[in-house]
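Asks:
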Amino acid sequence: MKLHCVSLWLLGTILMLCSVDNHGLRRCLISTDMHHIEESFQEIKRAIQAKDTFPNVTILSTLETLQIIKPLDVCCVTKNLLAFYVDRVFKDHQEPNPKILRKISSIANSFLYMQKTLRQCQEQRQCHCRQEATNVTRVIHDNYDQLEVRSAAIKSLGELDIFLAWIAKNHEVTSSA
Amino acid sequence: MLPRLVVLLAAFLSRRLGSDAHGTELPSPPSVWFEAEFFHHILHWTPIPNQSESTCYEVALLRYGVEPWNSISNCSQALSYDLTAVTLDLYRSNGYRARVRAVDGSRHSNWTVTNTRFSVDEVTLTVGSVKLEIHNGFILGKIQPPRPKMAPENDTYESIFSHFREYEIAIRKVPGNFTFTHKKVKHENFSLLTSGEVGEFCVQVKPSVTSRTNKGMWSKEECVSLTRQYFTVTNVIIFFAFVLLLSGALAYCLALQLYVRRRKKLPRVLLFKKPNAFIFISQRPSPEIQDTIHPLDEEAFLKVSPELRNSDLHGSTDSGFGSTKPSLQTEEPQFLLPDPHPQADRTLRNGEPPELGDSCSSGSSNSTDSGICLQEPSLSPSTGPTWEQQVGSDSKGQDDSGIGLVQNSEGQAGDTQGGSALGHDSPPEPEVPAEQDPTAVVFRGYLRQTRCAEEKATKTGCLEEELPLTGGLGPKFRGCLDDKAGLHPPALAKGYLKQDPLEMTLASSGAPTEQWNQPTEEWSLLALSSCSDLGTSDWSFAHDLAPLGCVVAPGGLLGSFNSDLVTLPLISSLHSSE
Numbered sequence: 001m002k003l004h005c006v007s008l009w010l011l012g013t014i015l016m017l018c019s020v021d022n023h024g025l026r027r028c029l030i031s032t033d034m035h036h037i038e039e040s041f042q043e044i045k046r047a048i049q050a051k052d053t054f055p056n057v058t059i060l061s062t063l064e065t066l067q068i069i070k071p072l073d074v075c076c077v078t079k080n081l082l083a084f085y086v087d088r089v090f091k092d093h094q095e096p097n098p099k100i101l102r103k104i105s106s107i108a109n110s111f112l113y114m115q116k117t118l119r120q121c122q123e124q125r126q127c128h129c130r131q132e133a134t135n136v137t138r139v140i141h142d143n144y145d146q147l148e149v150r151s152a153a154i155k156s157l158g159e160l161d162i163f164l165a166w167i168a169k170n171h172e173v174t175s176s177a
Numbered sequence: 001m002l003p004r005l006v007v008l009l010a011a012f013l014s015r016r017l018g019s020d021a022h023g024t025e026l027p028s029p030p031s032v033w034f035e036a037e038f039f040h041h042i043l044h045w046t047p048i049p050n051q052s053e054s055t056c057y058e059v060a061l062l063r064y065g066v067e068p069w070n071s072i073s074n075c076s077q078a079l080s081y082d083l084t085a086v087t088l089d090l091y092r093s094n095g096y097r098a099r100v101r102a103v104d105g106s107r108h109s110n111w112t113v114t115n116t117r118f119s120v121d122e123v124t125l126t127v128g129s130v131k132l133e134i135h136n137g138f139i140l141g142k143i144q145p146p147r148p149k150m151a152p153e154n155d156t157y158e159s160i161f162s163h164f165r166e167y168e169i170a171i172r173k174v175p176g177n178f179t180f181t182h183k184k185v186k187h188e189n190f191s192l193l194t195s196g197e198v199g200e201f202c203v204q205v206k207p208s209v210t211s212r213t214n215k216g217m218w219s220k221e222e223c224v225s226l227t228r229q230y231f232t233v234t235n236v237i238i239f240f241a242f243v244l245l246l247s248g249a250l251a252y253c254l255a256l257q258l259y260v261r262r263r264k265k266l267p268r269v270l271l272f273k274k275p276n277a278f279i280f281i282s283q284r285p286s287p288e289i290q291d292t293i294h295p296l297d298e299e300a301f302l303k304v305s306p307e308l309r310n311s312d313l314h315g316s317t318d319s320g321f322g323s324t325k326p327s328l329q330t331e332e333p334q335f336l337l338p339d340p341h342p343q344a345d346r347t348l349r350n351g352e353p354p355e356l357g358d359s360c361s362s363g364s365s366n367s368t369d370s371g372i373c374l375q376e377p378s379l380s381p382s383t384g385p386t387w388e389q390q391v392g393s394d395s396k397g398q399d400d401s402g403i404g405l406v407q408n409s410e411g412q413a414g415d416t417q418g419g420s421a422l423g424h425d426s427p428p429e430p431e432v433p434a435e436q437d438p439t440a441v442v443f444r445g446y447l448r449q450t451r452c453a454e455e456k457a458t459k460t461g462c463l464e465e466e467l468p469l470t471g472g473l474g475p476k477f478r479g480c481l482d483d484k485a486g487l488h489p490p491a492l493a494k495g496y497l498k499q500d501p502l503e504m505t506l507a508s509s510g511a512p513t514e515q516w517n518q519p520t521e522e523w524s525l526l527a528l529s530s531c532s533d534l535g536t537s538d539w540s541f542a543h544d545l546a547p548l549g550c551v552v553a554p555g556g557l558l559g560s561f562n563s564d565l566v567t568l569p570l571i572s573s574l575h576s577s578e
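Line by line, the protein sequences are chains R and P. Following full-length UniProt numbering, the numbering of the first sequence begins with 1 at its first residue and continues without gaps. Following full-length UniProt numbering, the numbering of the second sequence begins with 1 at its first residue and continues without gaps.
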């Protein structure tokens with residue numbers, strides 16, 4: 001009887017730990033309305049991507065960078081990329097068109113909210129950055145540095161849909177419609 | 001100064017040479033864009049102005065972030081190109097960039113690149129097909145996602161857009177072009193309630209994914225005709241239930257009617273046995289008859305008959321009976337016997353007054369009697385039947401003596417009971433007027449229907465049963481006779497039975513009408529029978545009635561009935577004498 005109870009307890013603990021690793025960050029960003037951000041981007045996508053004159057260069061999708069990130073690194077990579085956009089892309093881009101500027105500003109504010117929500121969730125759980133996550137972040141920064149700042153900023157803004165799709169995929173709630 | 005001039009010249013010359021190498025510069029296509037559906041990616045471009053017949057277009061494709069540009073078509077005359085085959089992983093990658101340039105001979109235009117990165121977000125969602133079915137007043141629809149041939153096996157619409165699929169349904173009724181209603185469903189199967197409407201309905205579907213910004217395209221209109229169905233399962237069940245209910249109600253009503261109209265049985269008290277050959281004079285006594293009926297001797301009967309005529313059988317309470325010559329006598333003698341007394345009182349027929357005045361005055365109590373006199377029979381017991389009013393002795397004051405006995409034709413006056421309502425208080429033996437013709441005796445007056453109950457307690461048969469002047473009188477009277485050989489008045493004492501051959505009225509009120517009806521019917525029938533059947537054959541009750549009826553034909557049934565009453569005591573007295 002005792003052995004049965006102990007085995008059940010161990011199994012439950014293991015399952016709980018696994019779920020924490022996989023769903024730790026997801027629970028942090030469930031309340032974020034990703035769809036609003038996506039809609040805002042779609043309205044300015046044509047104008048921004050049209051200014052991208054280097055289609056053969058990518059910043060976020062080099063060697064399928066984001067595709068190979070493991071679930072354990074999702075928390076770290078998400079945190080780093082949010083900081084990348086807020087600290088470098090939105091600051092380097094100079095938008096003359098007010099309409100487009102308004103949309104970009106709303107997207108930037110949404111990113112700031114996501115950073116705050118993620119920081120609160122990370123304080124409760126340990127969000128360690130492993131070497132793989134650090135490498136991915138460094139590649140993205142290197143790609144950004146190879147281009148001119150204005151072109152890099154435009155290109156990074158043009159790749160927002162990739163970043164948003166990646167967030168939705170890794171932080172998606174399992175219960176779907 | 002001089003180096004600067006040399007550099008400028010070189011640049012100018014190089015540009016000039018370049019332009020010359022390319023000829024007149026062709027204009028590049030103004031715009032290039034993708035129009036894509038699920039695994040149907042078409043690149044479109046606008047033609048260059050003033051293009052010649054030899055102008056064609058070169059298409060190149062680039063996978064976003066991956067070099068180099070791949071040339072897809074070197075010279076395409078059309079203004080569009082299907083790039084589905086080279087963009088199969090569009091839904092799992094970051095997208096593509098495409099570019100087009102005009103080519104005319106050796107001249108090429110500049111590349112025109114698509115403005116946006118061609119990604120999954122630019123795919124317009126469509127629906128493969130919509131199937132509609134009608135079921136129980138509902139329109140059941142099934143949406144089939146697109147199944148393009150070029151799509152890989154693992155890349156299905158459901159797998160790529162795994163969540164948040166949604167469809168908007170527009171329903172239109174054919175007569176009008178306005179949209180009837182919009183409805184959003186989150187599954188490929190939907191149902192529409194028509195609310196009993198009939199007609200043709202057309203449905204269109206537009207897909208969407210709520211987590212994406214992809215646009216949707218309305219599908220082709222699918223129409224279905226809705227007709228009013230009468231023979232649905234529900235209607236059939238209701239119909240059969242109604243039929244069963246109705247038939248049950250009808251069956252119940254029918255059963256009720258049959259029960260109400262069933263042949264009712266008479267109460268037991270009203271039932272009386274058929275007279276089993278209540279034979280007084282029968283030469284073949286019926287074994288069922290418990291009465292010891294002995295056949296009457298014709299001679300004795302003849303002797304008795306006149307005595308009975310003159311006998312006084314009235315009591316103090318008699319109100320008006322008399323006539324030792326009852327009017328029961330008819331022209332036709334009841335018994336086919338020689339008339340020893342040609343002076344038989346045949347005058348005692350219809351309407352003749354009784355002629356027993358002598359006998360009456362002698363021993364009749366005229367105080368209360370209205371006219372019935374009975375003379376005691378002067379016959380010796382051995383000679384003939386004697387009239388004994390034994391019953392009356394014990395029931396003085398009880399029964400009315402208004403009885404006029406008329407001796408019917410002697411011999412076979414098997415006439416039995418006519419309900420001998422012979423009640424008499426002072427029952428001296430009725431004198432049979434000798435002058436009367438024993439063959440024809442007519443009684444006039446009333447026959448009181450008395451009871452035997454008080455006198456003969458043991459005679460339950462007499463007491464209980466009324467002595468109806470019907471066929472029942474036979475057995476009842478028979479019962480009375482069993483106990484004693486004498487006369488027993490009938491149990492019924494409810495009135496007088498006027499024995500008037502002329503007047504077919506029944507004074508008796510006690511007699512049940514039913515009993516009267518029965519004998520009436522019987523006697524009427526019997527009267528119709530052969531009156532000549534007066535032989536000594538089976539003297540059943542029926543037969544007895546027949547001759548009586550014949551005898552008192554003018555008097556009708558009442559006359560015959562009275563005659564029965566008259567003859568019964570006569571017969572009993574005859575029996576007892578023997």
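Heads up, the beta-carbon is just placed ideally off N, CA and C, and yes, glycines get one too.
Output yes if chain R places a C-beta closer than 9 Å to the C-beta of S211/P; else output no.
Replies: Closer than 9 Å: yes.
Asks: Cβ of S61/R less than 9 Å from any chain P Cβ?
Replies: It does: the Cβ of S61/R has a partner Cβ on chain P nearer than 9 Å.
Asks: Assign V243/P to buried or exposed, taking buried as 16 or more other Cβ atoms, counted over all protein chains shown, within 10 Å of its Cβ.
Replies: Exposed is the call here.
Asks: Measure from the C-beta of L43/P to each C-beta in chain R and report whether the shortest distance is under 9 Å.
Replies: So no, L43/P is outside the interface.
Asks: Under 7 Å, CB to CB, which of the residues in the segment 104 to 131 of chain P have a partner in chain R?
Replies: Answer set for the segment 104 to 131 of chain P: V113, N115, T116, R117, S119, D121.
Asks: Quick check: is any heavy atom of the ligand MG less than 8 Å from the C-beta of I167/R?
Replies: With respect to the ligand MG, the structure offers nothing, as it holds no ligand at all.
Asks: Give me the Cβ distance between V185/P and Y167/P, rounded to the nearest whole Å; I'm assuming they're in contact under 8 Å.
Replies: Indeed they touch by this definition, with Cβ atoms about 5 Å apart.
Asks: Using three-state DSSP, classify Y64/P as helix, strand or coil.
Replies: Of the three classes helix, strand and coil, the one that applies to Y64/P here is coil, per DSSP.
Asks: Mapping the DSSP letters down to three states, classify S28/P as helix, strand or coil.
Replies: Coil, per DSSP.
Asks: If I'm right that I104/R touches F90/R with Cβ under 8 Å, what's the distance once you round it to whole angstroms?
Replies: I104/R to F90/R, Cβ: 7 Å. Contact.
Asks: Going by DSSP in three states, W218/P sits in which element: helix, strand or coil?
Replies: W218/P falls in the coil class under three-state DSSP.
Asks: Do you know how far the Cα of T234/P is from the Cα of L256/P?
Replies: Each residue's Cα considered, the two are about 33 Å apart.
Asks: Since Y85/R and F111/R are thought to touch, with beta carbons under 8 Å apart, how far apart are those beta carbons, to the nearest angstrom?
Replies: Going by Cβ atoms, the distance from Y85/R to F111/R rounds to 6 Å, so yes, they are a contact pair.
Asks: Give me the chain P residues within the contact set of R46/R, using Cβ-Cβ distance strictly less than 7 Å, ordered along the chain.
Replies: Near R46/R (Cβ distances below 7 Å), the residues of chain P are N115, T116.
Asks: Closer than 6 Å by C-beta to P207/P: which residues in its own chain qualify, once you throw out the five before and the five after it? Chain order, please.
Replies: So the list reads L125, V127, Y167, G216, once near-sequence residues are dropped.
Asks: State yes or no: is the C-beta of D92/R within less than 9 Å of the C-beta of R150/R?
Replies: Closer than 9 Å, so yes.
Asks: Alpha carbon to alpha carbon, what distance is there between W9/R and E159/R?
Replies: Answer to the nearest angstrom: the Cα atoms are 46 Å apart.
Asks: My understanding is that Q49/R touches N115/P, with C-beta atoms under 8 Å, so please give their C-beta distance in whole angstroms.
Replies: Right, their Cβ atoms sit about 7 Å apart.
Asks: Please confirm whether D145/R and A152/R have their CB atoms less than 9 Å apart.
Replies: Closer than 9 Å, so yes.
Asks: Mapping the DSSP letters down to three states, classify T181/P as helix, strand or coil.
Replies: DSSP places T181/P in strand when its eight states are reduced to three.
Asks: Can you pull the chain P neighbours of Q42/R, defined as C-beta to C-beta under 8 Å?
Replies: Going along chain P in sequence order, the residues near Q42/R (Cβ under 8 Å) are D121, T213.
Asks: Grab me the residues of L11/R's own chain with a C-beta within less than 8 Å of its C-beta, minus the 5 sequence neighbours each way, in chain order.
Replies: Excluding sequence neighbours, L11/R sits near nothing in its chain.
Asks: Cβ closer than 9 Å: which chain P residues qualify as neighbours of T58/R?
Replies: In chain order: Y64, G65, V66, N94.
Asks: I162/R CB to nearest chain P CB: under 9 Å?
Replies: Interface residue, yes.
Asks: Which two residues bound the contiguous beta strand (DSSP E) that contains D104/P?
Replies: Residues 96 to 104.
Asks: I believe A168/R touches S54/P by the beta-carbon criterion, under 8 Å. Please report the beta-carbon distance rounded to the nearest angstrom.
Replies: Wrong, their Cβ atoms sit about 49 Å apart, outside the cutoff.
Asks: Only counting the same chain, and skipping five residues up and downstream in sequence, which positions put a Cβ closer than 8 Å to that of F41/R?
Replies: Contacts found: K103, I107, L160, D161, L164.
Asks: Pick from M34/R, K51/R, T58/R: whose alpha carbon is nearest that of P96/R?
Replies: The residue with the shortest Cα to Cα distance from P96/R is K51/R.
Asks: Quick one, which of K264/P, L246/P, R172/P, T181/P has its alpha-carbon nearest E221/P's?
Replies: Looking at the Cα atoms, R172/P is the closest of the given residues.
Asks: Can you tell me whether DSSP reads W69/P as helix, strand or coil?
Replies: Of the three classes helix, strand and coil, the one that applies to W69/P here is coil, per DSSP.
Asks: Is any beta-carbon of chain R found at less than 9 Å from that of W69/P?
Replies: Yes, contact with chain R.
Asks: Is the beta carbon of V100/P less than 9 Å from the beta carbon of L26/P?
Replies: In this structure, L26/P does not lie closer than 9 Å to V100/P by Cβ.
Asks: Counting only C-beta atoms, is E95/R closer than 9 Å to chain P at any point?
Replies: Judged by the 9 Å Cβ criterion, E95/R is not in contact with chain P.
Asks: Would you verify that the beta carbon of D52/R is, or is not, closer than 9 Å to some beta carbon of chain P?
Replies: True, the Cβ-Cβ gap to chain P drops below 9 Å.
Asks: Give me the subset of the segment 74 to 103 of chain P whose CB atoms are less than 7 Å from a CB atom of chain R, sorted by chain position.
Replies: The segment 74 to 103 of chain P vs chain R, Cβ under 7 Å: N94, R97.
Asks: Closer than 9 Å by beta-carbon distance: list the chain P residues that pair up with E39/R, in chain order.
Replies: Residues of chain P passing the Cβ test: T213.
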